[in-house]
């Protein structure tokens, strides 16, 4: 594991934790299997609730990131201070809506990729182009180091332009 860094001075944003300088950003990219009850309306409600709570709590904790979901899997990127990201990830790993949680990338990064979003949501582009298919999940887990970056790039690519939430 990477040793903790001393907390240098930081910049403050209104109504949130201090924003971190670029060399202090810690990122976790993970996949998990969904334990949500099957059914489009149930999924829509559950995702809406997850996003509302995530956005509120992440703003307060200085965390940014992105989430995507298909009917079987979540993929999420969390960025922020090491302590805040690790604390949030522990809560996620213990959340009964997830099983088989697998970290595919973890470590210090030079900058936030989702700085404008407390939690961006990337919807599946269409039925033929899923971001996190079961087959892809196996490939990503088998080759962790290079696929964490691929997930970040995929989410950035599919993130619709517009106002952050």
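In the numbering used here, the protein residues as written are 3 to 167. Think of the CB as a built atom: it goes at the ideal place given N, C-alpha and C, for glycine as much as any other residue.
Neighbour-count burial assignment, residue 70, 16 or more Cβ in a 10 Å radius: For the purposes of this step, residue 70 is identified with residue 68 of the chain shown, where counting begins at 1. So residue 70 ends up on the buried side.
Can you give me the start and stop residues for the beta strand (DSSP E) that residue 124 sits inside? As a working mapping, residue 124 is identified with position 122 in the chain shown. Boundaries of the beta strand (DSSP E) harbouring residue 124: 122-124, taken from the DSSP string.
Give the DSSP-derived three-state secondary structure of residue 82 in the structure shown. Residue 82 sits at position 80 when you count from the first residue of the chain shown. In the structure shown, residue 82 sits in a strand (DSSP, three-state: E or B).
So residue 181 packs on residue 78, CB below 8 Å; how close in whole Å? Nothing can be reported for residue 181: it is not among the residues displayed for the chain, which extend from 3 to 167.
What is the residue span of the beta strand (DSSP E) that residue 74 lies within? Taking the first residue of the chain shown as 1, we reach residue 74 at position 72. First-last for residue 74: undefined, no H or E at that position.
Beta-carbon separation of residue 28 and residue 110 under 8 Å? Counting from 1 along the chain shown, the entry for residue 28 is found at position 26. Counting from 1 along the chain shown, the entry for residue 110 is found at position 108. In contact: residue 28 and residue 110 (Cβ atoms closer than 8 Å).
Compare the Cα-Cα distances from residue 81 to each of 72, 117 and 124 and report the closest residue. Numbered from 1 along the chain shown, position 79 holds the residue referred to as residue 81. Nearest C-alpha to residue 81: 117.
Cβ neighbours of residue 101 in the same chain (closer than 7 Å, five flanking residues each side left out): Counting from 1 along the chain shown, the entry for residue 101 is found at position 99. For residue 101, where only same-chain residues beyond five positions count, the Cβ hits under 7 Å are 34, 35 and 37.
Output the distance between the C-alpha atoms of residue 151 and residue 112, rounded to the nearest integer angstrom. Along the chain shown, one-based indexing puts residue 151 at 149. Along the chain shown, one-based indexing puts residue 112 at 110. Looking at the two C-alpha atoms, the distance is approximately 13 Å.
Just the Cα atoms here: how many angstroms apart are residue 75 and residue 122? Stepping through the chain shown from its first residue, residue 75 is reached at position 73. Stepping through the chain shown from its first residue, residue 122 is reached at position 120. Each residue's Cα considered, the two are about 16 Å apart.
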